[in-house]
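These notes are about the structure you will find just below.
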Amino acid sequence: MSKLIEIRDLSKVYTRGKQQVEVLHQVNLDVNQGDFLALMGPSGSGKTTLLNLIGGLDQPSGGSITIGGERIDQLGSAALSRWRAARVGFVFQFYNLMPMLSAQRNVELPLLLTKLSAAERRKRAAIALQLVGLSERASHKPTELSGGQQQRVSIARAIVSDPTLLVCDEPTGDLDRQSAEDVLSLLQALNRDHGKTIVMVTHDPRAAERAGQVLHLDKGSLVEQVAA
Amino acid sequence: MKYLHLVWAALFRRKLRTVLTLVSIITAFLLFGLLDAVRTSFDQAGQSANGASRLQSGSRLSFIQTLPMALGQRIAQVDGVKAVTYANWFGGAYQDPHNAVFSFAVAPNYIDLYPEMVVSADARKAFDTTRTGALVGERLAKRFNWKVGDRIPLQSTIFPDRNGSKNWEFEVVGLIQSADKKTGGWYDQLFLLNWKYFDDTTPYNQGAVGWYVSRVADVNQADRVAKAIDALSTNSDHETRTQTEQAAMSSWVKQLADIGLIVSSIMGAVFFTLLLLAGNTMMQAVRERTNEIAVLKTIGFSSRSVMGMVLAESMLLLLIGGVIGLALASVVGPAVSAGSGGTLRLPAAGLGSWSVGVGLALVFGAIVGALPAWNAMRLNIVDALR
Numbered sequence: 164m165s166k167l168i169e170i171r172d173l174s175k176v177y178t179r180g181k182q183q184v185e186v187l188h189q190v191n192l193d194v195n196q197g198d199f200l201a202l203m204g205p206s207g208s209g210k211t212t213l214l215n216l217i218g219g220l221d222q223p224s225g226g227s228i229t230i231g232g233e234r235i236d237q238l239g240s241a242a243l244s245r246w247r248a249a250r251v252g253f254v255f256q257f258y259n260l261m262p263m264l265s266a267q268r269n270v271e272l273p274l275l276l277t278k279l280s281a282a283e284r285r286k287r288a289a290i291a292l293q294l295v296g297l298s299e300r301a302s303h304k305p306t307e308l309s310g311g312q313q314q315r316v317s318i319a320r321a322i323v324s325d326p327t328l329l330v331c332d333e334p335t336g337d338l339d340r341q342s343a344e345d346v347l348s349l350l351q352a353l354n355r356d357h358g359k360t361i362v363m364v365t366h367d368p369r370a371a372e373r374a375g376q377v378l379h380l381d382k383g384s385l386v387e388q389v390a391a
Numbered sequence: 019m020k021y022l023h024l025v026w027a028a029l030f031r032r033k034l035r036t037v038l039t040l041v042s043i044i045t046a047f048l049l050f051g052l053l054d055a056v057r058t059s060f061d062q063a064g065q066s067a068n069g070a071s072r073l074q075s076g077s078r079l080s081f082i083q084t085l086p087m088a089l090g091q092r093i094a095q096v097d098g099v100k101a102v103t104y105a106n107w108f109g110g111a112y113q114d115p116h117n118a119v120f121s122f123a124v125a126p127n128y129i130d131l132y133p134e135m136v137v138s139a140d141a142r143k144a145f146d147t148t149r150t151g152a153l154v155g156e157r158l159a160k161r162f163n164w165k166v167g168d169r170i171p172l173q174s175t176i177f178p179d180r181n182g183s184k185n186w187e188f189e190v191v192g193l194i195q196s197a198d199k200k201t202g203g204w205y206d207q208l209f210l211l212n213w214k215y216f217d218d219t220t221p222y223n224q225g226a227v228g229w230y231v232s233r234v235a236d237v238n239q240a241d242r243v244a245k246a247i248d249a250l251s252t253n254s255d256h257e258t259r260t261q262t263e264q265a266a267m268s269s270w271v272k273q274l275a276d277i278g279l280i281v282s283s284i285m286g287a288v289f290f291t292l293l294l295l296a297g298n299t300m301m302q303a304v305r306e307r308t309n310e311i312a313v314l315k316t317i318g319f320s321s322r323s324v325m326g327m328v329l330a331e332s333m334l335l336l337l338i339g340g341v342i343g344l345a346l347a348s349v350v351g352p353a354v355s356a357g358s359g360g361t362l363r364l365p366a367a368g369l370g371s372w373s374v375g376v377g378l379a380l381v382f383g384a385i386v387g388a389l390p391a392w393n394a395m396r397l398n399i400v401d402a403l404r
């Protein structure tokens, strides 16, 4: 299996007033193409910070992040935006759908950054919605959907541009048990059947069980690596 | 264009707030359209081919100062002058001082110099032979329901008769029609009385003339002729200022009020308030969408794209309000004119008003959207999603 993510001596320091807080300390991590990795740890351990750095939403204070052979820690803001648009899909805890757009239009959003025609965008969004089992809800707005359905729409938005990497931040954190199971099954299927590499932050051990690999973070450092 | 539906959706995310802001913008641009129509209407007074060939000579000191009757003959002898006539301001009002009537005491040949006025031969003859006769603009007659043969009491706001009364009586002997209904609307609101009757009746005139009107033989020689007319009275106690009809009208209006300055002042205050209001709306709209903007940036929208979308939203808001406001002004202006029976003349917003209005809407949109757009561009994704 080829290496997709290669993190070396990664550190992240935030400045809060006059205080400097080191959130990540000398993190080294390799993730292979097609892996499903769960990141666990107590609040403030640096899970989300690590996820943000892997997703190219933030820049490290030190070390390197190479994804798909590209040093994303060296990319400028505009290049990083383009990289995210092409390579990463994001799934958030609170779905973060645009409330004024239909499910179909929400899923189409990442495709607006491509050169695809309007018809092709509609077609691809419809396929993505079909994949998450929400074809019949395409015209509904987020407020007309349940939490589980909204999260499935957000997964459809994450995969519509066919990214290599899916970055999920507590994707089941706001869902009831059944909806959480549905979402996790969907992520598992995307990993297994479509070869998507997934990095997921979770507090939920049952969610972590669905991942192939679980990493624990504590006080900004990786403390153990458990094979599921 | 690909992002238009996004911009549109963001604009109407809070429908009530957007609609209320739009109502304010529409009102501001409606006011702009109407006031600009007033200004344009004054600016265009005297602007015509005939107007260009007419010169008006009035007192250099003030338009209420009179000129001697003898000056007329000397003006007629100036090289390049084809014909001369004269008139006095009468300052008439009908029934109520608020019902002001554009009334002038005019020389017998006054109408000859104004082909814009169409008067029948019979009416001309009756005017010449009836001492108290008056020629009345068709629209004015319609406004007060006057007919030929009616005796009209008119109150002069300035001139009393020899008994000290300001109540005059005239007989309507004919109607004045505008030769061109579109550009000559002023003429069908006039009330013309015989200068001789006026001069004989009021003790305050004594053969004086309010202003002279000269027709020049060659329009290209108008400047030279004007200087030659003014040279006739240099260093006298009745020095004149001779101008083209358009310049004279503008000068007259400016002595009463600087319409341009008034319009600019009112619109300055209105638009300043509008900027604060729309600016506040846009700031609020963007602040409450912090999370959504962060998501767009997360997905891969560049900071510049996000800034462009916020700016487009702001400009679209102002443009929609501006266009609706100007369109309403184009309807309301003529409707008010029609409803007032010609007292108020508010033409539909012309191409100039539309160009300035749309330009202002876009500029204001850019100003109003600049700060929220800048904030959206600089938004840190991690902070916003935390």
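Residue numbers (our numbering), protein chains in the order written: chain A, 164 to 391; chain B, 19 to 404. Where is the CB? At the ideal position from N, CA and C, for every residue including glycine. Model, not experiment: these values are computed from the prediction.
| query | result |
| --- | --- |
| 7 Å Cβ cut-off: residues of chain B touching Pro223(A) | Within 7 Å Cβ-Cβ: nothing; Pro223(A) doesn't reach chain B, min ~12 Å. |
| Chain B contact for Ser244(A) (CB, 8 Å cutoff) | yes |
| Chain A contact for Arg305(B) (CB, 8 Å cutoff) | no |
| Collapsed DSSP secondary structure at Ser232(B) in the structure displayed | strand |
| Cross-chain neighbours of Phe253(A) in chain B, by beta carbon under 9 Å | Val313, Thr316, Ile317 |
| As assigned by DSSP and simplified to three states, the class of Asp54(B) | helix |
| Sheet register partners of Asn195(A) (DSSP bridge) | Lys166(A) |
| Integer-rounded CB distance, given that Ala319(A) should sit under 8 Å from Leu292(A) | 5 Å |
| C-alpha gap between Ala390(A) and Gly326(B), whole angstroms | Summary for Ala390(A): the model assigns pLDDT 49, below 50, so the residue's position carries little reliability; its value from the coordinates is reported in the next sentence. Each residue's Cα considered, the two are about 47 Å apart. |
| C-alpha distance - Leu243(A) paired with Val346(A), whole-angstrom precision | 28 Å |
| Contact set between Leu272(A) and chain B, taken where Cβ atoms lie within less than 7 Å | Ile317 |
| Nearest-angstrom Cβ-Cβ length linking Tyr258(A) and Gln313(A), presumed shorter than 8 Å | 4 Å |
| Any chain A beta carbon closer than 8 Å to Asn298(B) | no |
| Residue range of the unbroken beta strand (DSSP E) whose run includes Ser342(A) | Premise fails: Ser342(A) lies in the alpha helix (DSSP H), 340 to 357, not in any beta strand (DSSP E). |
| Within 8 Å, strictly: CB atoms of Asp221(A) and Ile228(A) | no |
| Cβ neighbour criterion (16 or more within 10 Å) applied to Lys210(A) | buried |
| Leu208(B) beta carbon less than 8 Å from that of Phe194(B) | Strictly speaking, residue 194(B) in this sequence is Ile, with Phe absent from that position. In contact: Ile194(B) and Leu208(B) (Cβ atoms closer than 8 Å). |
| Where Glu310(B) meets chain A, residues with beta-carbon distance less than 7 Å | Met261 |
| Assigned secondary structure, Glu307(A) (DSSP; H/G/I helix, E/B strand, else coil) | helix |
| Test item: CB-CB of Ile93(B) and Ser121(B) under 8 Å | no |
| 8 Å contact criterion, which Val304(B) and Asn398(B) should meet: CB distance rounded | Contact doesn't hold; Cβ gap of about 15 Å is too wide. |
| Start-to-end residues for the beta strand (DSSP E) that takes in Met363(A) | 360 to 364 |
| Beta-carbon spacing of Leu295(B), Phe382(B) below 8 Å | no |
| Beta strand (DSSP E) segments (min. 3 residues) lying fully within the stretch 279 to 360 of chain B | none |
| With 16 other Cβ atoms within 10 Å as the buried cut-off, status of Thr299(B) | buried |
| Beta carbon proximity, Arg35(B) to chain A, threshold 8 Å | no |
| Ala246(B) beta carbon less than 8 Å from that of Met87(B) | no |
| Ile176(B) classed as buried or exposed, judged by whether at least 16 other C-beta atoms fall within 10 angstroms | exposed |
| Closest residue to Asn127(B) among Arg307(B), Gly69(B), Leu210(B) (Cα-Cα distance) | Leu210(B) |
| Environment of Tyr405(B) [buried if 16+ CB atoms lie within 10 Å] | Absent from the model: residue 405(B). The displayed extent of chain B is 19 to 404, so no value can be given. |
| DSSP three-state assignment for Ile228(A), whether helix, strand or coil | strand |
| Close beta carbons around Arg242(B), own chain, < 8 Å, minus the five adjacent residues each side | Gly98 |
| Whole-angstrom C-beta distance between Ala27(B) and Met263(A), which should lie under 8 Å | 4 Å |
| Enclosing alpha helix (DSSP H) for Trp246(A) [first to last residue] | 240 to 250 |
| CB contact flag (Tyr104(B), Trp186(B), <8 Å) | no |
| Cβ-based contacts, 9 Å cut-off: residues of the stretch 393 to 404 of chain B near chain A | Asn398, Ile399, Val400, Leu403, Arg404 |
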